[in-house]
Amino acid sequence: MQLCLAIGMLVLTFSGVSAPELNPARSQPPLPLVHPEGMAEASIRADVGWVGPNQTFHIIVPIKPVEGWHIYWKNPGASGAPTEFDVQGPDGFTIGNTIYPRPIGFHSEEGATYGYKETAAFFIPVTAPEQLVEGEATFKVDAYWLACKSNCVRGTQTLSLTMSTKSEGKGPQHKDMTLQRFQSVLPKPIGLLDEASVVFSGNALHVTGSTSHTPISFIGESAKGVRYYLDHTELKRTQNEFHLTIPVQLNFDNAENDVVEINGLLLMGRNKTDPSYVIKKLVTKPELHTQ
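Under the working numbering, the first residue of the sequence shown is numbered 22, with each subsequent residue one higher.
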């Protein structure tokens, strides 16, 4: 049979007729690209190899939006919804507040929004108990986001991470390039900015410092009793030195106590790799009345 097929192909070749395609799969159209249901996909990892007693490490959840889509920062801005996480771990482990990477700005009909159009890695700090035994610790993370393009869809994904535990020592830090890239876009403490100062006075937050980056902007976190008037922000510069004034209205009745914490992010430049700094300022009711 094989001899007959070979002879047949030779006859077709010498007679000027092309031989038939023996691999019909080549002529089939490519398979359609299937996007995840929430138009973004999450994964999970840690920044240490294993966990020791009283050690603080980070569960890291990178979320990658589908090309052309974006997800949101903790304060989405004029529209959108925050990216959030629900973490469950073994008894004795303490789960901290999620650290969000620096966002970029988007402009819509509703106004400015803040988020991520490329992979964004969210760091969730976890502290182990003081007494730990040899074994394993498993963490469950439910991730929630809103992905938007011309329309918006909600996404959710449940992830699991199992870490080895030891009764002594501290687990080694990973140093891979992917982790270093994720860490490089995390906001830094404002104290690391040259000549930094944060003062609340005259119903405004005053941030000063020195940098060659431009532009300089501020985005505030939503909080009870705090209202930002970012449209009225003023920036004064003398070479590298700057003074940023952000009008803020404080309402201690809405805050439900005599202390209000103003939280936000100071952004240098427009790119996700440009520096950003965490702003935290406590204002007490008596302090406000003496101004």
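Backbone N, C-alpha and C define an ideal beta-carbon position, used for all residues, glycine too. Computed from a predicted model, the values in this text were never measured in an experiment.
Hey, could you find the ends of the alpha helix (DSSP H) Leu200 is sitting in?
-> 198-205
Do the stretch 151-161 and the stretch 120-133 make contact, defined as three or more Cβ pairs closer than 8 Å?
-> no
Review point. Relative to the alpha-carbon of Asp274, which residue among Phe114, Asp252, Pro193, Lys245 has its alpha-carbon at the smallest distance?
Key: Lys245
Cβ distance (whole Å) where Pro83 is taken to contact Trp94 below 8 Å:
Not really, about 15 Å apart at Cβ, beyond 8 Å.
**Asked** Does the distance from the C-beta atom of Lys293 to that of Arg66 stay below 7 Å?
**Response** no
8 Å contact criterion, which Met289 and Thr232 should meet: CB distance rounded: 6 Å
Would you mind sorting His79 into buried or exposed? The rule is 16 or more other CB atoms within 10 Å of its CB.
-> buried
Taking the C-alpha atoms as reference points, what is the distance between Leu265 and Glu282? 18 Å
Quick one: measure Cβ to Cβ for Glu151 and Pro74, integer angstroms, because I've assumed they're closer than 8 Å. 6 Å
Three-state class that DSSP yields for Ala102 in the structure shown:
coil
Next on the checklist: Which of the three DSSP states is assigned to Asn275 in this structure?
Outcome noted: helix
Checklist line | Beta-carbon gap between Ile237 and Phe263 smaller than 7 Å | finding: yes
Sub-7 Å separation of Val280 and Thr259 beta-carbons: no
Quick check on Leu213: does DSSP put it in helix, strand or coil?
helix
Grab the span of the beta strand (DSSP E) containing Ser68 for me, first residue to last. The residue you asked about is not Ser; residue 68 is Asp in the sequence shown. No beta strand (DSSP E) contains Asp68, which DSSP labels as neither H nor E.
query = Per DSSP, what kind of secondary structure is Leu288 in: helix, strand or coil?
reply = strand
(Q) Rounding to the nearest angstrom, what Cα-Cα distance links Thr179 and Asn224 in this structure? (A) 43 Å
Practice problem: State the Cα-Cα distance for the pair Phe239 and His227, rounded to the nearest angstrom. | Solution: 11 Å
Practice task
Using the Cα positions of Gly117 and Pro208, report the straight-line distance between them to the nearest angstrom.
Solution key: 16 Å
Requested in this report: Can you tell me which of the three DSSP states His253 falls into?
Outcome: helix
Can the beta-carbon of Lys192 be found closer than 7 Å to that of Val69? Checking the displayed sequence, the identity of residue 192 turns out to be Gly instead of Lys. Contact: yes.
Below 7 Å between beta carbons: does that hold for Val154 and Ser188? yes
**Item:** CB of Val108 within 7 Å of CB of Met184, strictly
**Value:** no
Applying the criterion that 16 or more other CB atoms from any shown protein chain within 10 Å of the CB defines a buried residue, is Met22 buried or exposed?
-> Any reading at Met22 must be qualified, since the residue scores a pLDDT of 44, below 50, and its modelled position is unreliable; no value is offered.
I'd like to check one pair, Trp166 with Ile92: are the Cβ atoms closer than 7 Å? yes
How big is the Cα-Cα spacing for Gly176 and Asp215? 40 Å
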